[in-house]
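First to last, the sequence lines map onto chains A and B.
Residue 312 in this note's numbering sits at position 312 of the first sequence; the count goes up by one each step and never skips.
Add 1000 to a position in the second sequence, counting from 1, and you land on the number used in this note's numbering.
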Amino acid sequence: MRVWLILLISLVLVGGLAACTGKDAGNGTDTDPAQVGGSSNWANAFEEGRFDPPLTLTTVVGLDPNAAIFKQGETIEDNVHTRLVKERLGIDIKYEWVVTNTNDAYKTKLRLMLSSGEKMPDVVRFRGDLETVNMLIDSGQFMPVDELIERYAGEEYKNGLALDPAIWYPITRDGKKMALPILDYAYNDDHVLWIREDWLEQLNLEAPTTIEEMEAVMEAFIANDMAGNGQTLGLATGFKNGFSTWMTNIGFLFGAYGTMPGQWNLMEDGTLALGSIQPEAKEALAKLREWMEKGYISQDSALFDEVQGAELFTSGKAGMIVGPNWMPGWPFPDLKANVPTAKYKAYPLPYGPDGHRGAAGGKPPVNGYLFINKEMEHPEAVFMYYNFFYEHFANPAPGSEFEHGFAEGYDYAILPDGTVIRDNETAKSYPELFPGVDLNNPLPNPLFYTLTFEGARIPTLYAETLVRLADGAEPVTPYEKIESTSRLPENIHAMKVVMELKDDVYKNYYLGPITETMESKNELLNKLLNEAYNKIIYGQAPLDEFDKMVENWLKSGGEQITKEVNEWYEQLN
Amino acid sequence: MPKRREKFERTWPLHVMIWPAAVVTFIFAYLPMAGLVMAFQDFKPHLGVWNSPFVGLEHFRFMFSYPDSKQVIINTLIIAGLKILFGLLVPFIFAIFLNEVRLMLFKRVVQTLVYLPHFISWVILGAILTDMLGSHGIVNQTLTALGLEPIFWLGDGNWFRFTVVVSDIWQNFGFNTIVFLAALAGVNPALYEAAEVDGANRWKQTWYVTIPAMLPITVVVGTLSLGNILNAGFDQIFNLYNPLVYDKGDIIDTFVYRTAILNGQFSFGTAVGMFKSVVGLVLIFVAYRLAYRYAGYRIF
């Protein structure tokens, strides 16, 4: 009987092991013979604009929801995008693995590959936390790109890269650039002050330009109970996730006093310092405490994150909110649904007593990176690919090949009368123009299948286009036409306000990796800060708790971190 | 030997049934324990487990020298202790009440209803509670209507603990209620009849028959839940807490989340996890011995 049992156990165990190793073997031996054999043919591929015979480019992908919409019969491995790239550039994209990117599955898989020392594919794209970016660079499997950019980058891409030297800070090691930044539209995260225009009109008030005037307006909103149920608030905010957030931003109040919490600001003496511990922050906290006391902001602000905080505005309770230009697209439609008569408009952030204004912003226009394997023989293929998308898709000229979109029957279709359909709701009336497309989902947009997430973006294009449209220009190019029809007028106007504020932003000057002391002390220090800030605002601690906190912060590791941050900053210059 | 073979011939289907479970447990619960080696290393993801340097007990030392550790451990013990105590008491009493109900349909419906919240994720419950307990939420509106002062449920440390414990009991007492009801279903009706013949009223029957019948299963449930003394419920606290209640509501798991996951200190996280498991194991072991000695009850 024992023998029988042992046999059974070993069978099960061996079976399990075999299943594991079998999978590994499949992943490991994925090198393409063509790449080894035909390299000599490809010496002039860049000049010719095409690899002949096709070059195999290996990569991995985590499918985001917008990229996971396919026409029937297509997959990420074989679709209109991969076929186009193969035909036009002679680049045959092979995916070593594909995951659906929920719960950071892609990041987890990448990290697992790194920690088990697996060989990386030719190109790895990554969009997300700096932690993983550092791990990828530290793996030593990727090549510096300085010379490659000089030789192969197209003009649009080079212009974009030249906009802000900070683009390179997070990925520079020993003076070498270790990845290709994937450029995104600039100024898209910068903040404006949104005000309920209908409330201003009803009370015959001017929009505020200073903190003092802003307080008067909030006071008037509340005194007249504009929301109508005794629950009127002046400003919608939520600082559960910090005091300088991507929406429902309260950082502008600190900005009005001359500092920005939660980031490293450039001081007058040329050094970097954490905004949260500056004396100006204490003044801002005193003001915020006063606002809490007077009921200008919700009693629940400390419990709300950005989305919950924004609901105070979209439910019609609050008269103001600070956030990015695109809020009319989301979440403001909820406001229209809740209060059909509501009107809102963007205004510049108010000035403080000493003439400061602004929120955190001016982020370098980067959203993700492409890492090139240092063993890749033809890295120029990556540039040919990116250049191709810059040339044809970033800002297509009227009448050019891709002026309406990527492929007819995918992301668009043209009716006999010349109208272009770009959304699935309209497309439902013409299903025959979209064979194999599930019209219950958004239309499949092959640009989202690209290695660079959205094809190619010219950083300044978005802001410049919207400003031009806001000034009343007629849309001419396909890009302008799409923006003018898909954006609400409030959104287009807001971008003009953003550009008016573009020099009044607080840039975060530290874009380096997490330092050693940060790693061990960040939690303690953040807790110190957050606890003191919240307790002061809620009146659970006296204002002078701030000075005690600062002292504590400095001696619990903050001083050391400040030193490390400045060392990093000095080696840049 | 022949006897044993005979027995095996009768029971082999049971062996076949248990082996898949044993193998799965081995693969998913025992093999990963090898990862505990990280607790004694300065683990760097790009070096992997094999190449990261060993640092001995450094992370354990760090854990106990960390200024906030004491507070965090105390918070955990208080919140988890209250949850265990009331998580036993509430279903115990509720099961007795429910057992007295004679209408079968009503009993079944109630039983199912109280068990339902168990399946709702804290991400959703957290949002619902934040809304209900907000300054203008339904709870505070009721309090104000009754002429009472509104309470800052999620922003005041002591009320926060109260909220956490009560909402946890509400969510989970259905499960233990079912366990207790099952135990009650097994009580021999003859005992009640005998008690009735002896002149015991309803209350006396409960006291002398029902409660003693429930004690063994209560000991089992209590013993098993003692292993959770350092688990105060990560998903619940994480979805409800905020900096205002750090001093009363921050627990080991949320602390580890912020240090280990957000700051990438995986070794430290592993060390704390190991510490928790060891304490839990010791407690289960001790409780089991005590239960055996004083209640004469064995689980294994």
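Glycine is no exception: its CB is placed at the ideal position from the N, C-alpha and C atoms.
Output yes or no for whether 8 Å exceeds the beta carbon distance between A/Pro478 and A/Glu403. yes
Distance, A/Gly242 Cα to B/Tyr1208 Cα: 58 Å
Do you know whose CA, among A/Pro431, A/Tyr410, A/Thr485, A/Pro353, lies nearest A/Thr209's CA? A/Pro353
Host alpha helix (DSSP H) of B/Thr1270 (start-end): 1266–1290
Can you confirm whether the stretch 261–281 of chain A touches the stretch 294–313 of chain A when touching is taken to mean that 3 or more C-beta pairs between the two stretches lie within less than 8 Å? no
Quick one: which chain B residues come within Cβ less than 7 Å of A/Gly117? Gly1048
Can you find a CB in chain B that lies within less than 8 Å of the CB of A/Ala302? yes
Cutoff 8 Å: B/Gly1155 Cβ touching any chain A Cβ: yes
The stretch 519–542 of chain A: which residues have C-beta closer than 8 Å to a C-beta of chain B, in chain order? Glu519, Ser520, Asn522, Glu523, Leu524, Asn526, Lys527, Asn530, Glu531, Tyr533, Asn534, Lys535, Tyr538, Gln540
Assuming A/Thr56 and A/Asp92 make a contact with CB atoms under 8 Å, what is their CB distance in whole Å? 5 Å
Candidates A/Gly399, A/Thr82, A/Asp78, A/Ala223, of which the one nearest A/Gly455 by Cα: A/Thr82
C-beta contact flag for B/Pro1053 and B/Asp1042 at 8 Å: yes
Find out if the Cβ-Cβ distance for the pair A/Gly62, A/Val99 is shorter than 8 Å. yes
Using the beta-carbon of each residue, which ones in chain A are nearer than 9 Å to B/Arg1202? The premise fails here: B/Arg1202 is roughly 47 Å from chain A at the closest Cβ pair, so nothing lies under 9 Å.
Which value, in whole angstroms, describes the spacing of the CA atoms of A/Leu114 and B/Leu1262? 19 Å
Shortest alpha-carbon distance to A/Thr132 belongs to which of A/Ala179, A/Tyr157, A/Asn159? A/Ala179
Using a Cβ-Cβ cutoff of less than 6 Å, which residues in the same chain neighbour A/Glu293 once the five nearest sequence positions on both sides are dropped? none
Does B/Pro1067 have its Cβ less than 8 Å from a Cβ in chain E? Here chain E cannot be found, since the structure's protein chains are A and B.
Is A/Val322 closer than 8 Å to A/Asn424 when the C-beta atoms are compared? no
Using a C-beta cutoff of 8 Å, does B/Pro1243 count as contacting chain A? yes
Contact set between A/Ile131 and chain B, taken where Cβ atoms lie within less than 7 Å: Looking at the sequence shown, residue 131 of chain A is not Ile but Glu. Correct list: Gly1264.
If the cut is a Cβ gap below 7 Å, which residues of chain A does B/Thr1301 touch? Past the boundaries of the shown model lies residue 1301 of chain B; chain B is included only from 1001 to 1300, so the question cannot be answered.
Between the beta-carbon of A/Ile458 and the beta-carbon of A/Asn534, is there less than 8 Å? no
Are the CB atoms of A/Met218 and A/Gly234 nearer to each other than 8 Å? yes
If you pair each beta-carbon of the stretch 1088–1099 of chain B with each one of the stretch 1172–1188 of chain B, do three or more pairs fall below 8 Å? yes
Whole-number beta carbon distance between A/Asn44 and A/Asp52, since they are thought to touch under 8 Å: Not quite, the Cβ-Cβ distance comes to about 10 Å (not below 8 Å), so this is no contact.
Own chain, CB closer than 8 Å to B/Thr1177, minus 5 neighbours either side, in chain order: Pro1091, Phe1094, Ala1095, Leu1098, Gln1111, Val1114, Tyr1115
Is the stretch 1235–1254 of chain B in contact with the stretch 1214–1222 of chain B, if contact means three or more CB pairs nearer than 8 Å? no
Integer-rounded CB distance, given that A/Phe393 should sit under 8 Å from A/Thr452: No, A/Thr452 and A/Phe393 are not in contact; Cβ-Cβ is about 10 Å, not under 8 Å.
Under 8 Å Cβ to Cβ from B/Ile1284, same chain only, skipping five residues before and after it: list those, please. Thr1223, Leu1224, Leu1226, Gly1227
Chain B contacts made by the stretch 225–251 of chain A, where a contact means CB separation under 8 Å: Gln231, Lys240
Where does A/Asp122 fall in DSSP's three states? coil
The beta strand (DSSP E) spanning A/Pro324 covers which residue range? 318–324
Just reading off the beta strand (DSSP E) that A/Val192 is part of, what are its end residues? 191–196
The alpha helix (DSSP H) spanning A/Ile182 covers which residue range? Counting along the chain, A/Ile182 falls outside any alpha helix (DSSP H), though it belongs to the beta strand (DSSP E) covering 180–183.
Considering only the alpha carbon of each residue, which of A/Asn387, A/Trp553, A/Ala318, A/Pro416 lies closest to A/Gly230? A/Ala318
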